[in-house]
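A quick write-up on the structure given underneath.
Protein chains: 2
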Amino acid sequence: MESRNLDGLLVIGNAEHNPPMTYLTGGGHVSHAVLLKKRGYPAMLFCNQMEREEAAKSGLEIVPLAVVPIRQLLKDTASEMFIRAGLTAGRVGAYGRTDVSAVILALSELQNSLPRLRFVGEDMDDNIFLRAMEIKDQAEVERIRRVGRITTEVVGLVADYLTSRDMHPDDEILLDEAGAPLTVGTVKSRINLWLAERGLEAPEGFIFAVGRDAGIPHSVGNPEDLLRLGQTIVFDIFPAEAGGGYFYDFTRTWSLGYATPEAQQLYDQVKTVYDKVCDNLDLNAPFKDYQRLACEEFEKNGHSTPLTNPSSVEGYVHSLGHGLGLNLHERPWSSLSADESNRLRPGMVITIEPGLYYPEKGLGVRIEDTYHIRPDGMMERLADYPYDFVLPMKKSKN
Amino acid sequence: MESRNLDGLLVIGNAEHNPPMTYLTGGGHVSHAVLLKKRGYPAMLFCNQMEREEAAKSGLEIVPLAVVPIRQLLKDTASEMFIRAGLTAGRVGAYGRTDVSAVILALSELQNSLPRLRFVGEDMDDNIFLRAMEIKDQAEVERIRRVGRITTEVVGLVADYLTSRDMHPDDEILLDEAGAPLTVGTVKSRINLWLAERGLEAPEGFIFAVGRDAGIPHSVGNPEDLLRLGQTIVFDIFPAEAGGGYFYDFTRTWSLGYATPEAQQLYDQVKTVYDKVCDNLDLNAPFKDYQRLACEEFEKNGHSTPLTNPSSVEGYVHSLGHGLGLNLHERPWSSLSADESNRLRPGMVITIEPGLYYPEKGLGVRIEDTYHIRPDGMMERLADYPYDFVLPMKKSKN
């Protein structure tokens, strides 16, 4: 708080699915809460009295209110919370993921009743919480590792399921158990089920995209699409502990039965770049150095990249990776414009995810794993999974 | 917008789990987007170019950007979005559920570059979106009904599962399939699984609380708790369509095997008040009239209520119900302090959920269903489920 010249913190919203509040409270069913912290003093958590027992699990000083705290912020008595927390003057950083409109109204009213306070925001890519969350302790890494283990287990189930399908005798379309064409929607339902069975959720969904959709990095996949042999499937799955906890982020690209030479070539190029990046990760190096490396390598193969064509929708069109924790995407950042403070430090958890995209050709390839930068400087992949591009079908065509 | 004296709307954040953006875009995997609408003109949706195809499903005018739009808001060029939308002066309402800190920073910087704009917030309980969402069309009601049908199906599975358990021979503790004591955590895992199998998710969790936890309205239940005969179980389940869609809200209170006379009496009192309220719901009446009715009825039985003791943690300690849609809780409101505009109008979907709580006695009772106020004025319960308090066990004690 000192380095940011902040005299206080205001964190608003639920304890779940709200990283700053989750980080400070440990989660739990505490909704529309208000946390106030004066610099140098312990934090106070204002919660609804109906949720006082849930809030107490945080170990923070709890102040139960008869009204929902975020509504209290809108009342004449709002300033009482700040007075109680000893926060009546100075710069207060406001954080949390909640209703924007209510916050704007509340802060403008509070400003009137406590004119010596000044509420300030921060860049969402580099605020005080993202800095604090950037280095994980061993317990956090173990939680992420556990999510990774379950994630890759589910990916394995998906691969087994797809390769065990019957195919239509006349064409190369996969069939479901009832003999009807298997859709992306059906596969996605199974994935949600397999995640839920294992205590994970997909709060930001996941990507299972084929054909042209696979060529658009963030297209989640069309539920009506059918699955055919020889087509690229981008499967990017980023689940979290149920209730808004730690994430994992993982991508494989598959081609069922066989691959076209064009797709195989793209895959090989992505894998080569992936390996080159992973083999060269150095402690304390700026993350964007590896984005630059990936761009240079892809450009050698004639692909457009952000290095020379930042607005291209073909070729390599995103950044190399990102930090991961209670946020799916957090510091450190790897984009070419990221500042030098985004370095690979011990205790960080990052993703490495190069890719190539040609939507008009129906082609997309991405490979992604999540790595822990160990205190001894080793880069440790948090879950292992094979890198096969072509998945052989277990049954021959009917 | 006219009645609120707004010249423009700014909506920020994801298209999923962000009701104002979900309402305007129809959902989909569009993240950190910015929607601008000048009064009298169509809305423009600024999205990341990687998500342009997902964004196009909204049917809105799409402006793909090379940077994530919410980050664009923080750049020198942010004002370009506003200029492009023709929004350079006047009062702009800012909405959405997203990172508070980034929004505060962005709006203060925008204010500098476009000094004739003024960003305004609204009360989270009564903003322009909650007003627009208050009346549902038939398609929305059918989506809520479908969630209700699945919700009650899952509740039935839970009842079957609990009543089919073996019991420990020496005491009245339920046992799982392996013969170990059944925990609340195990039951909750099964509920999440059954919801996921049916395409629902529980973005705000759910309550399965026994004993003392059942006496605290928003305690979600302790995963280590065991299940015993003759103990009240409050099961409040509020799932939504997966991906951030319409909710349903439903509560039953059960006592397995038998009930104590004290618990049975509380249950009967809650059911009587529930029936009295439901029998008297009148079109266009203020919702809070029924909160008052519920309070008066509970006070006749000697319970504390918000009518005479708003800060009590025993007795009837919350309000009667709430509107429901893309938000779990939305207009109309039933609290005694709600203004007169919160009336029961055709097209609304509301919950009715009276309850009584005695945490120190380990007792809690709540009954809740979701109702549609039909255009013909009839109150229609959107999913039927029995009101049995005591659930007989199917097997006798070992």
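Sequences listed follow chains A and B, in order.
If you read the first sequence in this note's numbering, its first letter stands for residue 1, the second for the next number, and so on.
If you read the second sequence in this note's numbering, its first letter stands for residue 1001, the second for the next number, and so on.
Just so you know, even glycine gets a beta-carbon here, dropped at the ideal spot from N, CA and C.
Taking C-beta pairs closer than 7 Å, name the residues in chain B that GLN49 of chain A reaches, listed in chain order.
The residue labelled residue 49 of chain A in the question sits at position 49 within the first sequence. Those within 7 Å of GLN49 of chain A in chain B are VAL1313.
Local conformation of PHE1389 of chain B per DSSP, three classes:
Counting from 1 along the second sequence, the entry for residue 1389 of chain B is found at position 389. The answer is coil: DSSP assigns PHE1389 of chain B none of H, G, I, E or B.
With 8 Å as the threshold, decide whether the Cβ of VAL103 of chain A is near any Cβ in chain B.
For this step, residue 103 of chain A is matched to residue 103 along the first sequence. Output row for VAL103 of chain A: interface = yes.
Proximity winner among B:VAL1187, B:TYR1095 and B:SER1079, relative to LEU1088 of chain B (alpha-carbon distances)
What you label residue 1088 of chain B is simply residue 88 of the second sequence in a count that begins at 1. At residue 1088 of chain B the sequence reads Thr, which differs from the Leu that was named. Checked all of B:VAL1187, B:TYR1095 and B:SER1079; the closest Cα to THR1088 of chain B is B:SER1079.
Counting C-beta neighbours from all protein chains within 10 Å, is the total for ASN1005 of chain B 16 or more, i.e. buried, or is it exposed?
Against the second sequence, residue 1005 of chain B aligns to sequence position 5. ASN1005 of chain B should be labelled exposed.
Please list, in chain order, all residues of the same chain as LEU1371 of chain B whose beta carbon is under 8 Å from its beta carbon, the five residues on each side excluded.
As a working note, residue 1371 of chain B is residue 371 in the second sequence. The sequence shown places Tyr at residue 1371 of chain B, rather than the Leu named in the question. So the list reads CYS1278, LEU1281, VAL1349, ILE1350, THR1351, ILE1352, MET1379, GLU1380, ARG1381 and LEU1382, once near-sequence residues are dropped.
Using 8 Å as the threshold, is the C-beta distance between LEU1363 of chain B and GLU1262 of chain B below it?
Here residue 1363 of chain B refers to the residue found at position 363 when the second sequence is read from its first residue. Here residue 1262 of chain B refers to the residue found at position 262 when the second sequence is read from its first residue. Result yes, Cβ atoms of LEU1363 of chain B and GLU1262 of chain B sit closer than 8 Å.
Any C-beta of chain A under 8 Å from that of PHE1119 of chain B
By one-based count along the second sequence, residue 1119 of chain B stands at place 119. It does; some Cβ of chain A falls within 8 Å.
Just how far apart, CA to CA, sit GLY1013 of chain B and GLY1245 of chain B?
Reading the second sequence from its first residue, position 13 is the one you call residue 1013 of chain B. Reading the second sequence from its first residue, position 245 is the one you call residue 1245 of chain B. Going by the C-alpha atoms only, they are around 15 Å apart.
Between HIS1303 of chain B and chain A, is there a C-beta pair that is closer than 8 Å?
What you label residue 1303 of chain B is simply residue 303 of the second sequence in a count that begins at 1. Not one chain A Cβ lies under 8 Å of HIS1303 of chain B.
Establish whether the CB of PRO217 of chain A and some CB of chain B are separated by less than 8 Å.
Taking the first sequence and counting its residues from 1, the one referred to as residue 217 of chain A is at position 217. So yes, PRO217 of chain A belongs to the interface.
Per-residue contacts from VAL1098 of chain B into chain A (C-beta, under 7 Å)
The residue you call residue 1098 of chain B lines up with position 98 of the second sequence. Sequence check: residue 1098 of chain B is Thr here, not Val. Within 7 Å Cβ-Cβ: ARG97 and VAL100.
Whole angstroms is fine: what's the gap from GLY93 of chain A's alpha carbon to VAL120 of chain A's?
Counting from 1 along the first sequence, the entry for residue 93 of chain A is found at position 93. Counting from 1 along the first sequence, the entry for residue 120 of chain A is found at position 120. Approximately 5 Å between the Cα atoms of the pair.
Is the CB-CB distance between PRO217 of chain A and VAL317 of chain A below 8 Å?
As a working mapping, residue 217 of chain A is identified with position 217 in the first sequence. As a working mapping, residue 317 of chain A is identified with position 317 in the first sequence. In this structure, VAL317 of chain A lies closer than 8 Å to PRO217 of chain A by Cβ.
Residue burial classification, ILE1104 of chain B (beta-carbon count within 10 angstroms, cutoff 16)
What you label residue 1104 of chain B is simply residue 104 of the second sequence in a count that begins at 1. ILE1104 of chain B is buried by the Cβ-count criterion.
Would you please verify whether the beta carbon of SER189 of chain A is less than 8 Å from any beta carbon of chain B?
Counting from 1 along the first sequence, the entry for residue 189 of chain A is found at position 189. Cβ-Cβ to chain B under 8 Å: yes for SER189 of chain A.
For the region 1159 to 1183 of chain B, list every residue whose C-beta sits within 7 Å of some C-beta in chain A, in sequence order.
none
Below 9 Å on C-beta distance, what does GLY199 of chain A contact in chain B?
Within the first sequence, numbered from 1, the residue matching residue 199 of chain A stands at position 199. Simply SER1189 and ASN1192.
Across the region 235 to 252 of chain A and the region 137 to 151 of chain A, are there enough close Cβ pairs to call them in contact, namely three or more that are closer than 8 Å?
yes
So who's on the other strand from ILE233 of chain A, going by DSSP bridges?
Here residue 233 of chain A refers to the residue found at position 233 of the first sequence. According to DSSP, ILE233 of chain A bridges with A:VAL210 and A:TRP254.
Among all the DSSP beta bridges, which residues are the ones paired with PHE1298 of chain B?
Residue 1298 of chain B sits at position 298 when you count from the first residue of the second sequence. Answer is none; PHE1298 of chain B lacks a bridge partner.
In chain A, what lies closer than 8 Å to GLY1156 of chain B by C-beta?
Residue numbering aside, residue 1156 of chain B sits at position 156 when the second sequence is read from its first letter. Chain A residues near GLY1156 of chain B: none, gap ~19 Å exceeds 8 Å.
C-beta atoms of ARG1331 of chain B and GLU1140 of chain B nearer than 8 Å
Stepping through the second sequence from its first residue, residue 1331 of chain B is reached at position 331. Stepping through the second sequence from its first residue, residue 1140 of chain B is reached at position 140. No.
Return the chain-ordered list of same chain residues with a C-beta closer than 6 Å to the C-beta of ARG198 of chain A, the five sequence neighbours on each side being excluded.
As a working note, residue 198 of chain A is residue 198 in the first sequence. Result list for ARG198 of chain A: ILE150, in chain order.
Please list, in chain order, all residues of the same chain as PRO1042 of chain B whose beta carbon is under 8 Å from its beta carbon, the five residues on each side excluded.
Against the second sequence, residue 1042 of chain B aligns to sequence position 42. LEU1060 and GLU1061.
Rounded to a whole number of angstroms, what is the C-alpha to C-alpha distance between GLU1053 of chain B and SER219 of chain A?
Within the second sequence, residue 1053 of chain B is the residue found at index 53, counting from 1. Within the first sequence, residue 219 of chain A is the residue found at index 219, counting from 1. Computed Cα separation, rounded: 7 Å.
Per DSSP, LEU65 of chain A is paired with what?
If you number the first sequence from 1, residue 65 of chain A lands on position 65. LEU65 of chain A is bridged to A:ASN48.
Contacts around MET980 of chain B, its chain only, beta-carbon distance under 8 Å, and the 5 residues preceding and following it disregarded
A question about residue 980 of chain B goes unanswered here, because the residues of chain B that appear run from 1001 up to 1398.
Does ASP279 of chain A get closer than 8 Å to chain B when you measure Cβ to Cβ?
Indexing the first sequence from 1 puts residue 279 of chain A at position 279. It does not; no Cβ of chain B falls within 8 Å.
Give me the Cα-Cα distance between LEU1293 of chain B and PHE1287 of chain B, rounded to the nearest whole angstrom.
Within the second sequence, residue 1293 of chain B is the residue found at index 293, counting from 1. Within the second sequence, residue 1287 of chain B is the residue found at index 287, counting from 1. Each residue's Cα considered, the two are about 10 Å apart.
Three-way DSSP call (helix, strand, coil) for ASP1268 of chain B in this model:
Taking the second sequence and counting its residues from 1, one reaches residue 1268 of chain B at position 268. Helix at ASP1268 of chain B.
What would DSSP say about ARG974 of chain B, mapped onto helix, strand or coil?
Residue 974 of chain B lies beyond the stretch modelled for chain B, which goes from 1001 to 1398, so this question has no answer here.
Starting from GLU1142 of chain B, trace the alpha helix (DSSP H) both ways and give me its first and last residue.
Reading the second sequence from its first residue, position 142 is the one you call residue 1142 of chain B. It spans 1138 to 1163 - the alpha helix (DSSP H) in which GLU1142 of chain B sits, taken as one unbroken run.
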